[in-house]
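J.:
Residue numbers (my numbering): 1349 to 1767.
1) Out of 1367, 1421, 1375, which has the shortest C-alpha to C-alpha gap to residue 1393?
2) Could you check the C-alpha separation between residue 1723 and residue 1742 for me, to the nearest Å?
3) Is residue 1391 helix, strand or coil by DSSP?
4) Could you tell me the boundaries of the beta strand (DSSP E) in which residue 1437 lies?
5) Taking C-alpha atoms, which residue in 1579, 1745, 1555 lies nearest to residue 1529?
6) Consult DSSP for residue 1626 and reduce its assignment to one of helix, strand or coil.
7) Can you look up residue 1480 in the DSSP assignment and give me helix, strand or coil?
8) By DSSP, does residue 1591 sit in helix, in strand, or in coil?
9) Measure from the alpha carbon of residue 1466 to the alpha carbon of each residue in 1389, 1411, 1490, then state which is nearest.
10) Give the single residue among 1587, 1505, 1482 whose Cα lies nearest to the Cα of residue 1494.
11) List, from N- to C-terminal side, the alpha helix (DSSP H) runs of 4 residues or more that fit wholly inside the segment 1699–1760.
12) Specify whether the segment 1599–1606 and the segment 1618–1637 touch according to this definition: at least 3 beta carbon pairs, one from each stretch, less than 8 Å apart.
13) Just the C-alpha distance for residue 1654 and residue 1405, rounded to the nearest angstrom, thanks.
14) Measure the alpha-carbon distance for residue 1395 versus residue 1734 and round it to whole angstroms.
15) Counting only beta-carbon atoms, is residue 1445 nearer than 9 Å to chain C?
16) I believe residue 1641 touches residue 1627 by the beta-carbon criterion, under 8 Å. Please report the beta-carbon distance rounded to the nearest angstrom.
17) Please classify residue 1516: is it buried, with 16 or more other beta-carbons within 10 angstroms of its beta-carbon, or exposed?
18) Compute the Euclidean distance between the alpha carbons of residue 1510 and residue 1577, then round it to the nearest angstrom.
19) So the candidates are 1376, 1480, 1748, 1705; which of them puts its Cα closest to the Cα of residue 1518?
20) Can you give the Cα-Cα distance for residue 1425 and residue 1560, rounded to whole angstroms?
21) Buried or exposed, going by whether 16 or more other CB atoms sit within 10 Å of the CB of residue 1473?
22) Around the C-beta of residue 1485, are 16 or more other C-beta atoms found within 10 angstroms, so that it is buried, or is it exposed?
23) Fully enclosed by the segment 1632–1702, which alpha helix (DSSP H) runs are 4 residues long or longer?
24) So is residue 1532 buried or exposed if we call it buried at 16+ other beta carbons inside 10 Å?
25) Return the CA-CA distance between residue 1464 and residue 1525, expressed in angstroms with no decimal places.
26) Determine, using beta carbons only, whether residue 1387 and residue 1589 come nearer to each other than 9 Å.
27) Tell me the rounded alpha-carbon separation between residue 1649 and residue 1506.
28) Within the continuous alpha helix (DSSP H) that includes residue 1360, where are the two ends?
29) Who are the Cβ neighbours of residue 1647 in its own chain at under 6 Å, not counting the five residues just before and after it?
30) Just tell me which of 1699, 1753, 1740 has its CA closest to the CA of residue 1718.
31) Classify residue 1583 as buried or exposed, calling it buried when 16 or more other Cβ atoms lie within 10 Å of its own Cβ.
32) Quick one: Cα of residue 1555 to Cα of residue 1523, how far?
33) Based on the DSSP secondary-structure assignment, which residues constitute the bridge partners of residue 1542?
34) Contact between the segment 1363–1378 and the segment 1539–1552: three or more CB pairs below 8 Å?
35) Taking all protein chains shown into account, do 16 or more other C-beta atoms lie within 10 angstroms of the C-beta of residue 1569, making it buried, or fewer, making it exposed?
36) Please state whether the Cβ-Cβ distance between residue 1316 and residue 1616 is less than 9 Å.
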């Protein structure tokens, strides 16, 4: 694509402009949705969003809902909140269905069940899916057909659907969902009540702005020029009630951070995951969040705070190679945000003391030389396995031998390796 760099910068500029004027555009969106017959609800956190959605579903008298793939609803734990209220939520995206039936957790933004092979999927279907063909094989066509028949029944009887949105257009109050299976369109059109839970950062000012992202997203997520299914709706259509729940849940705090706010540009394409060497080796579950990979390493600590050991560790789950920044379609400088978050993370006292001591030694060449000579003399006393809690490190690694001479001593003795 010859104009990729320009398109990327256009996407970045649109997102930055929108975030700078977010309040204005949110109010414009609210007015447009209301004028089109929809109802707008504001949720400051996950608890409030879950309560709003649960109350809306209970008001219909239904105990079952169908869902379009939505990372925002996973972020707030909506399925679990609805279950606590006696409401069963059925995922309709194939990968999300596999994850739900297997009582599992998504491991990839675009392909949540990428960690499952087809034999495992067959076993999950046979064990947990109602009316599954008894002779089901692990052929992809057979698995897809079994899922299609299972989901079609849900679609036809569902009265309430819950969705997210990839984008919201402020000037008309239009919501946009991009998907590749057609399940989204079934959810958005068949039920009598549609509830959309969308993060406030998904806003775009105009339709002209949407054009840029309809080119960026499919290219960065699936390598396609155009998304297979792009569904758009404005307010309530005849015979259907529409509710839009605008979710904050920490986003305004992220917006207040001059460095970290660029994470809100994210369009959930997963390009950064696909090039990240850490994600490739650790997998999505290691991030402990619905947002894995490099974007999760900067987004999760900002949304949830760095109050747990896991969240404090996420900014360090990177080699800072910069590959994520190179492929990001909205030019999020993920390495810069990671470094900023590392500086803000509160480290254990012992770690701080150790780093302070190391800093004191490395700050003067004389101290470093003395430390190296001391280490050389004491190398025979260093055990092969570390004691106490440190043994966890040597359980899976060999402690390297300490050389007799430091590099500096070797260099001086051999005159730079010439003798």
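Even glycine gets a Cβ: it sits at the ideal position worked out from N, Cα and C. No experiment lies behind these values; they were computed from the predicted model shown.
T.: With the structure as the only source:
1) 1421
2) 19 Å
3) If DSSP states are grouped into helix, strand and coil, residue 1391 belongs with the strands.
4) Note, residue 1437: beta strand (DSSP E), 1436–1439.
5) 1579
6) helix
7) coil
8) strand
9) 1490
10) Residue 1494 has its Cα closest to that of 1482, out of 1587, 1505, 1482.
11) 1713–1725, 1739–1742
12) no
13) 34 Å
14) Spanning the two alpha carbons is a distance of roughly 45 Å.
15) Among the chains of the structure shown, chain C does not appear; only one protein chain is present.
16) Taking a contact as a CB-CB distance under 8 Å, the pair residue 1641 and residue 1627 counts as one, their CB atoms being some 4 Å apart.
17) So residue 1516 counts as buried.
18) So the alpha carbons of these two residues sit roughly 18 Å apart.
19) The shortest Cα separation from residue 1518 among 1376, 1480, 1748, 1705 belongs to 1376.
20) 31 Å
21) buried
22) exposed
23) 1641–1652, 1657–1661, 1671–1675, 1682–1692
24) With 16 or more other CB atoms across the displayed protein chains lying within 10 angstroms of its CB, residue 1532 is buried.
25) 26 Å
26) Less than 9 Å divides the Cβ of residue 1387 from the Cβ of residue 1589.
27) Computed Cα separation, rounded: 36 Å.
28) For residue 1360, the enclosing alpha helix (DSSP H) covers residues 1352–1368.
29) 1611, 1639
30) 1753
31) buried
32) Going by the C-alpha atoms only, they are around 11 Å apart.
33) 1509, 1590
34) yes
35) buried
36) This structure cannot speak to residue 1316, because the chain is shown only from 1349 to 1767.
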